[in-house]
Amino acid sequence: MLCPQWRVLRTKLGIGMLPLQVYGNCDFERERILEMSTASAPLSQGVGYGVILGVGFFFAISMIATTYVLKRFRREVQTSEMFSTAGRSAKSGLVGAAVVSSWTWAATLLQSTGVCYRYGVSGPFWYASGATVQIMLFATLAIELKRRAPNAHTFLEVIKARYGTAAHAVFILFGLVTNVLVTLMLLTGGSATVNALTGVPTVAAIFLLPLGVTMYTLIGGLKATLLTDYIHTLMMLIIIIMFAFTVYTTSDLLGSPAKVYELLMEAGKAHPVEGNQDGSYLTMRSSNGIKFFVINIVGNFGTVFLDNGYYNKAIAASPVHAFPGYVIGGLSWFPVPFLTATTMGLAALALESNPIFPTYPNRIPEAEVSAGLALPYAAIALLGKGGAAATLLLVFIAVISSFNSELIAVSSIMTYDIYRTYINPNASGKRLVAISHGVVIVYALIAAAVSVGLFYNGVSMGYLYVLMGVLISAAVLPATLTLVWNGQNKWAAALSPPIGAAMAITAWLVTAKKTCGKLDVACTGENDPMLAGNVTALLAPALLIPIFTLIFGLAKYDWQSMLQIRKAEDVDENGNVIVNPQEVLAADEEATFQDEQKLLKRALRIAVAITVFMTIALLILWPLPIYGSRYVFSQSFFTGWVIVAIIWIFISLILVGIFPLWEGRASIVRTVKSVFKKGNDRPAGIVMQGVPESNSASGTATPVKKADQGDGTQWRPPVTMAEAALKPEKDFSKQVDELLPKAEELAQSDLQGAIEKLTVLEKQTRQASDLASTSRVLIGIVTICKKASDWSLMNDQVLVLSKKHGQLKQAITRMVQTVMGFLDETPNLDTKLSVIEALRTVTEGKIFVEVERARVTKILSDIKKEQGDVKGATEVLCELQVETFGSMDRREKVEFILAQVALCIEIGDWTQAGILSRKISTKYLARRPKKTAEQLEKEKKDKEKRRARGEDVPDEVEDDVTDLKLRYYEQQIILAKHDDKYLDVCKHYRQVLDTEAVEEDPAKLHPVLQRIIYFVILAPYDNEQHDLLHRILRDTRNSQVPLDAELLKLFTIPELMRWPEVAKKFGPHLCSTDVFDVEEGSDEKAHQRWKDLRKRVIEHNVRVVAKYYTRIQMGRLTELLDLAEDETEKYISELVTSKTVYAKIDRPARIVNFAKPRDADDILNEWSYNMKSLLGLLERIDHLITKEEMMANIQAKSKKAR
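Numbering (the numbering used here), first residue to last: 315 to 1516.
Below, the structure is given as structure tokens:
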């Protein structure tokens, strides 16, 4: 039993690791506390504070300085996008280093060493392999995230886009719980180690550890986190390698694998491990090790797949680097816990019988193992104060490297998933940055405060580590299926995590109660309860999701809403878009959206293959043969085991230590040159005025100042944001003004010589980043070629000039636009085609000329169509995915898509036509309500006031999309008619009717009204058709087509229609249109619709009969329907199958029964209703009788009174 008074003393002194262990009696507890309170820590408190504050502030100042350098010399602006996503441009080496750093918690080093101390060599392997598999699996998920939602800031935005608010709220809760648990583990484990090594009070360590990391995260955002992650990873690998070489090569106490092996054999005999083969520490056959492995792998699923920090790394990576980054990170992370624990955990076991060991002659108490002290004790025994300092630094960087990731993760969730989604959807980028900063500060304080509470309540890092799977793993499967399966419905996503978590907590606590008979920290933290809870949490959704899918059906999600997740719009207080050149440069360097999708699909296939291989290798091929054979390591096998771990960590050092420097060498060199280059007083960014959101996506804008072309005209060159932010090093306007006329004159006699002169000047202007001059020179070269009618030379020059190293992108754009203007002046078709081919070659794969490529392709498609090659025209035009072109006007996009659909219809590719047509939003084509006179007057006054204040108020130009709307619905009607979807045809005609041009033109109005009536009648009967039929009947405009309105009304009243009479009265009128045709052969579709009309009349008659008859003779029914008996049976069967009517046919008796059989419940319900009605009538009668009696009594009394 635990002595409460000594627990209080122990807590006040700040000594001993939590949870407080139960030492058999109070005397022992007292002796232990007094011993620990008087014993001196290996390092002084000054060293502890020096590392926490000194190293923390060093990283903070370094990252602040780095952020300043990038802002000043690399033109990076700290927008909300940059703060949360690092510009989406991180490369694979840096992503790999960030993954290693983020996945290396204090628990990774301390807990893995503790597991090794408990179970021997199996512990480090199960810890490392179980957690590496999650990283490899997450690589696949990271690719899907980049492919499905390229603009997402958090994985929760993806949940919201797909499932809506309910599921979003559930996953916000699970995501925040994940981040909170990880943060608490970092602070509790890190502070305990700092306390043990330096004597710094645990509470002080908890509050001071986050200080420096919070500072540089505030300043630099995710990019600062990535950069510090790299430095942390490098330092950590070096310290681990130092420990490994100390234990296995240089130590006087150990010094070789053979010596370590010998001491471990003795330790196994002195205190054998329960559940291990022969009680040895040198075997993979460990029952407790396997239990820990299952708990570990389940919990790690949650902390990877639900931790927004890992999604942030995927979001920060450029699309082509996300997968290799996670593969590098996963492979490089494996030796971190594997070698650390194999080295320090085994060293603790080997040395604890040595007087130099801190706990000698006792073993390390379980409470201190759970708190992670096996690693620092082993380091102190090996290297004294140097080992303590190395451990302190190692744990410190592990804490802050993961803590900064959690800060950004929580900040992203609170900013984008809560604030921007529910509080202020139109928040500016500046506002979002401010919210992110506030969340970082508040979360750091809350996390520290909660950690202090856990410290005083006896909850340690080890307890939290095994508990997290119970609390969060129920959301792993639904979160994964969100990105990989389109069938999961919103109810399965929203309900399975909380229900699964409730089941897991129940299993955990019930198992603990049955195992120990009580519920406390010690009992609930044992392996068996945690195993039950973790396994239940992970597997419960596998049962719940199919159940909810059966109940609510498959979702059949089309992935489109994820693509519509928007980036934040970073604007200043005046509404101007803030340009961040680095973001645009990164975007421009990537392939087009289509190419990225191809790369990501290819990476997905590779990721699946690698993931399957690594999973099988790490979880089956490597460990299971050793486990199944009950093998106890020999000395040579153990030596090889250690050598593999050491070689692996050197490979990790190359992959995440050296490779990121090599990968980013060009950027590093450019930055260094910029720092030491004179004349760098340039603005950190530039604000472009009037940049609409659609343009900002492609990185183009129109600068305010006009540039003179030299010929008396002025043009406003559309420049990329990055180029606008780069000030020309030299202005070549005068040289261009002088050389262009000379070159034009020289070209009349020596065209090649003129081009060579301009080419020399072009190189100078390009290298000086003089956009205006470069554009003029390029235009001049292609213009003199065109004037000389040397079209072949012009094509060659276009190709050569566009491939020049460092060519300015908008200079290329300007040249392409100029050459496009020459297309109408080509002498013949062959020349025109050669110019088009040259332009398509130049523009291929370049985002900044995607619109020009689309327009040239449209011209080529029109030419092919005129030549009769409709299929070729379709293939050329349909390769364009114009809906992804951010710089293309919306109207032009719609026109392109309509042209694609028209070509597909012409060649009969109906499936492709349907897919393409769904890319057009009907909201854009919807009729806009007219503004009232009051609204127009109010807007006019507002404009006048703003102009009086000096504001530039442009006149609004309404985009009339009537022509597009009519073309779109004409195509939709053709597609619906082809598939005989009559109700869809009716709906499309109603949209056509809701057009001012149709309403005001009787010649167009009458046919549309007729077709609305025809196709709603032709549509199969159901609730939607029935409702639409009556709504159309109420339309007063039907009076303009009286005969058709009369036919419509017949279908709305429960009376029989005799088909011969209907055909006689309405047939000639109906067949005068192109909708119906009595004759077979001329128009098969029209004739089929005539037969369908007869079918609808018969079905209407059957429904009428079913309404008035419960039983009817077959002969009488055939007479009423004007059908033969076999036809009558056929139509009744069809209506019964479609559940329109209920009927049973008794053939021997030749009776049709329309009365639906009633079960006992129906009869009782009817009886109950009848009885209730009867009682109501009786009560009414009683009331009336009472009333009459009262009136009679009153009259009698009045007579007597007289």
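C-beta: ideal position from N, C-alpha, C; glycine also.
The structure displayed is predicted, hence computed values, not measured ones.
Assuming contact is defined by CB atoms lying nearer than 8 Å, are residue i and residue j in contact in what I supplied?
| i | j | result |
| --- | --- | --- |
| A688 | L697 | no |
| G814 | L858 | yes |
| G643 | I449 | yes |
| G603 | W440 | yes |
| G503 | L424 | yes |
| I1288 | I1219 | yes |
| V612 | L933 | no |
| T1442 | L1431 | yes |
| W1404 | V1419 | no |
| V1096 | T1132 | yes |
| L1522 | R1128 | Summary: the structure shown does not reach residue 1522, with the chain confined to residues 315 through 1516, and so no result is reported for it. |
DSSP on residue i, reduced to helix/strand/coil?
| i | result |
| --- | --- |
| S943 | coil |
| T399 | Residue placement at T399 is flagged as unreliable, the pLDDT there being 45, under the threshold of 50; the coordinate-derived value follows with that caveat. Reduced to three states, the DSSP call for T399 is helix. |
| D1045 | coil |
| I1459 | strand |
| T597 | strand |
| N590 | strand |
| I1331 | helix |
| S1353 | helix |
| S358 | coil |
| T1016 | Here the model assigns T1016 a pLDDT of 32, short of 50, so the residue's position is not dependable, and the following value carries that caveat. Of the three classes helix, strand and coil, the one that applies to T1016 here is coil, per DSSP. |
| P672 | coil |
| E1520 | Any property of residue 1520 remains undetermined from this structure, which presents the chain solely from 315 to 1516. |
| L868 | coil |
| Q1181 | coil |
| P651 | helix |
| N740 | coil |
| F372 | helix |
| N888 | Note that N888 has pLDDT 39, beneath the 50 cutoff, so the model's placement of it is unreliable and the number below is only indicative. Three-state result, N888: coil. |
| R1348 | coil |
| T542 | helix |
Measure how close the beta-carbons of residue i and residue j come, nearest whole angstrom, since I'm counting them as under 8 Å.
| i | j | result |
| --- | --- | --- |
| T1366 | H1344 | 6 Å |
| Y289 | V1275 | Lying outside 315 to 1516, the shown extent of the chain, residue 289 is not represented and no answer is given. |
| Y730 | T468 | 6 Å |
| V1130 | L1153 | 6 Å |
| L620 | A789 | 6 Å |
| S1103 | V1050 | Contact flag wrong, Cβ pair sits at about 24 Å. |
| L1174 | I1150 | 5 Å |
| Y435 | L596 | One point to set straight first is that residue 435 is Val, not Tyr, in the sequence displayed. Going by Cβ atoms, the distance from V435 to L596 rounds to 6 Å, so yes, they are a contact pair. |
| P843 | W873 | Not confirmed; about 41 Å, so no contact. |
What are the boundary residues of the beta strand (DSSP E) that residue i is part of?
| i | result |
| --- | --- |
| G1465 | A small correction: the amino acid at residue 1465 is Ile; Gly does not occupy that position in the sequence shown. Per DSSP, I1465 belongs to the beta strand (DSSP E) from 1465-1467. |
Let's see if you can read the secondary structure: which residues bound the alpha helix (DSSP H) around residue i?
| i | result |
| --- | --- |
| A1426 | The amino acid occupying residue 1426 in the given sequence is Ile; Ala does not appear at that position. It is not in any alpha helix (DSSP H) - I1426 instead sits in the beta strand (DSSP E) that spans 1425-1427. |
| N718 | 699-726 |
| D1496 | 1474-1515 |
| W955 | 949-967 |
| T794 | 790-798 |
| T1276 | 1276-1292 |
| D1064 | Taken as a continuous stretch (DSSP letters only), D1064 belongs to no alpha helix (DSSP H), as it is neither H nor E. |
| E977 | 973-977 |
| T820 | 804-830 |
| K1301 | 1296-1307 |
| L440 | According to the sequence displayed, residue 440 carries Trp and not Leu. Note, W440: alpha helix (DSSP H), 436-462. |
Say yes only if the C-beta of residue i is nearer than 7 Å to one or more non-hydrogen atoms of the ligand NAP, and no if none qualify.
| i | result |
| --- | --- |
| F559 | With respect to the ligand NAP, the structure shown offers nothing to examine, as it has no ligands at all. |
*Which ranges would you report for the alpha helix (DSSP H) in the region 1206-1267 if only whole runs of at least 4 residues count?*
1224-1231, 1236-1239, 1247-1262
*asked:* Give the list of continuous alpha helix (DSSP H) stretches no shorter than 4 residues that lie fully inside the region 1361-1409.
replied: 1373-1385
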